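Participant: Below: one structure in structure tokens.
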Amino acid sequence: MPARPVSSDGRVADATASAPDRLAALLEHFRVRTKLFHTGPLCGVTTFAAQPGRGFLHVLREGEMEVTHQEPDGRMRRTVVDRPSLVFYPRPLEHAFHNAPTDDSDFACAAVDFEGGATHPLVRTLPSLVVLPLDAVGTLAPALELLFAEVDDVGCGSRLVADRLFEVVLIRLLRWILDNSGDLDLPPGLLLGLGDERLTATLVALHENPGAPWTLERMARTAGLSRSAFAERFRATVGQPPNDYLIEWRLTLAQQRLRAGASVQSVAVDLGYASVSAFSRVFSQRLGCSPRRWLAGAAAA
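So that you can map any letter, position 245 of the sequence shown is 245 in UniProt numbering, and since no number is skipped, the others follow by simple counting.
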């Protein structure tokens, strides 16, 4: 049996307490909000229009249906859902439910608003559609039981409670995706990286402390790998070199903070750049304009 880690005061550390939280920093920097908008049956064909920055999380409680949406290459994708399931569209994508006219179908549907829209780190890496049978994730049961109770027995504040419970369901779903990323045939990206036992520690550290003086050697040491092994594994799993990912993460945070009213100087310092000019140079190289010009365009939009 492997030895458990011992803390500096001689106590045996709790193994679960030392595990990095792969979602906390992402969802603290880029919040996700859910809003219930439908409960009950749906009959015939129901279309859900795409809106910028918005996804959808549907819960099929009873019945069956066919879900359709158009892929980027123009093909129509059809998915049959024949048992109670979560149906998750993380990105703005028009889709339709095809239901037989029967009273046996029952839904709860919520809009999902991702802060930062298309720049949200999870939105960029999630598949276009996730369908997950409810009985595949035991940890969903308590949250769904509370959600259905609020939906069925409407009382004061029920809609607000349902909104919050949909957020719990979404986080549980994201956790399941991370835990099963290797089985989902995902392309290289953040989800695969967070599912890699060696890369997780480095990715979480980058997310939690983006302004630290990160070097390839320091990232590799955090992962417990040599520099060459780390760089090769990171590129193959995440789809880009470690330093490129760090720059992309910093600039994603920079855009969010500039939109929120932070000064260019404070953003540059917080994200680890030696000067405003160094930050502006990287920003311009990656985004095609200076931070101030970008902010003016974002404000006009």
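The beta carbon of each residue, even a glycine, is placed where N, CA and C say it ideally should be.
Treat the numbers as computed from the prediction; the structure is a model and nothing was measured.
1. In terms of residues, what are the limits of the alpha helix (DSSP H) holding N180?
2. For E150, count neighbouring Cβ atoms within 10 angstroms of its own Cβ and tell me buried if that reaches 16, exposed if not.
3. In whole angstroms, what separates the C-alpha of V169 from that of V67?
4. Of the choices D185, L147, D270, whose alpha-carbon is the least far from that of E208?
5. Using C-beta distances below 6 Å, list every residue in its chain close to Y273, excluding the 5 sequence neighbours before and after it, in chain order.
6. Can you grab the Cα-Cα spacing for the pair F234 / V137, in whole Å?
7. Determine the direct distance from the alpha carbon of P84 to that of F30, and round the result to whole angstroms.
8. Look up D152 in the DSSP assignment and give the residues it is bridged to.
9. What are the residues that DSSP puts in a beta bridge with D113?
10. What are the boundary residues of the beta strand (DSSP E) that T46 is part of?
11. Per DSSP, which one or two residues make a beta bridge with V123?
12. Excluding sequence positions up to five away, which residues of its chain have a Cβ less than 8 Å from the Cβ of A298?
13. What residue range is occupied by the uninterrupted alpha helix (DSSP H) comprising P133?
14. Please check the pair W249 and L206, which I expect to be a contact at CB under 8 Å, by giving their CB distance rounded to whole angstroms.
15. Distance check for A19 and M1, CA to CA, integer angstroms please.
16. Just reading off the alpha helix (DSSP H) that S105 is part of, what are its end residues?
17. Is there contact here, the stretch 124-138 with the stretch 35-52, by at least three beta-carbon pairs under 8 Å?
18. Just list the alpha helix (DSSP H) runs in the stretch 71-102, keeping only unbroken ones of 4 residues or longer that don't cross its boundaries, in chain order.
19. Measuring straight from C-alpha to C-alpha, what distance separates A231 and L178?
20. If contact is defined by three or more beta carbon pairs under 8 Å, each pair taking one atom from either stretch, is the stretch 72-82 in contact with the stretch 156-170?
Facilitator: In brief:
1. That residue, N180, is in no alpha helix (DSSP H); it is neither H nor E in DSSP.
2. buried
3. 21 Å
4. D270
5. F279
6. 29 Å
7. 30 Å
8. D152 is not bridged to any residue.
9. R33, R54
10. 44-48
11. None, per the DSSP bridge assignment.
12. Q255, L258, R259
13. Note, P133: premise wrong, no alpha helix (DSSP H); beta strand (DSSP E) at 130-133.
14. 6 Å
15. In this predicted model, M1 has a pLDDT of only 37, less than 50, meaning its place in the structure is not dependable enough to derive any value.
16. Counting along the chain, S105 falls outside any alpha helix (DSSP H), and DSSP gives it neither H nor E.
17. no
18. none
19. 21 Å
20. no
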